[in-house]
Structure formats: structure tokens, C-alpha cells
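In our numbering, the protein residues as written are 3 to 68. All C-beta atoms, glycine included, are put in the ideal place defined by N, C-alpha and C.
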Amino acid sequence: MKFLIADDHAIVRKGLIQLLREEFTITEVREVASGNAVLEETRKQLWDAILLDISMPGRSGIEVVK
């Protein structure tokens, strides 16, 4: 599975990566810290799951989903 983790707090991203690696067979995990970076990554490739923080600087998770 390929996961994209979007959160503006590095500690949250690292914790989620650790949890996901314990539970899933992961082929790729990428982490980003802003809504704009999420949009860039989704233009580059398809993801099986995106864990998206609702409140981030710049574009919020809600704006990204729209």
C-alpha cells in the first residue's frame, strides 16, 4: 500500500508512519506538511490512502478535499 501523510506537525507524521508500518505491508510512505504539498503529490501519482490533517497552514485539509 502507498500512504501519503499530511500534517504540519512532524511528531504526528512520524508517529503515524510507525503505526502504519506495524500494521500494513507498505510499499511507500511519503509525508508532507502543507495542503499545497498534498496537491503536488496527488498530481504526481495515485495513493491508496491519504491521511490528511484538517487544520494546516496555507490550504487546510478541507480545502484540499474540495
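ask   = Exposed or buried, residue 26, counting other C-beta atoms within 10 Å across all chains shown (16 or more means buried)?
value = As a first step, residue 26 must be located in the sequence shown, where it is residue number 24. By the 10 Å Cβ count, residue 26 comes out exposed.
**Prompt:** Out of curiosity, what's the CA-to-CA distance linking residue 3 and residue 19?
**Reply:** Position 1 of the sequence shown holds residue 3. Position 17 of the sequence shown holds residue 19. Spanning the two alpha carbons is a distance of roughly 13 Å.
Where does residue 35 sit, in a helix, a strand or coil, going by DSSP? Reading the sequence shown from its first residue, position 33 is the one you call residue 35. The answer is coil: DSSP assigns residue 35 none of H, G, I, E or B.
- Chain-order list of residues whose beta-carbon lies under 7 Å from that of residue 62 (same chain, five-residue window excluded): Working through the sequence shown from its first residue, we reach residue 62 at position 60. If we look at residue 62 and ignore the five residues flanking it on each side, its Cβ neighbours are 37, 56.
When the Cα of residue 14 is compared with those of 30, 29, 34, 50, which residue comes out closest? Mapped onto the sequence shown, residue 14 falls at position 12. The residue with the shortest Cα to Cα distance from residue 14 is 34.
_Please classify residue 21 as buried or exposed, where buried requires at least 16 other C-beta atoms within 10 Å of its C-beta._
In the sequence shown, counting from the first residue as 1, residue 21 sits at position 19. The residue in question, residue 21, is exposed, as its Cβ has fewer than 16 Cβ neighbours within 10 Å.
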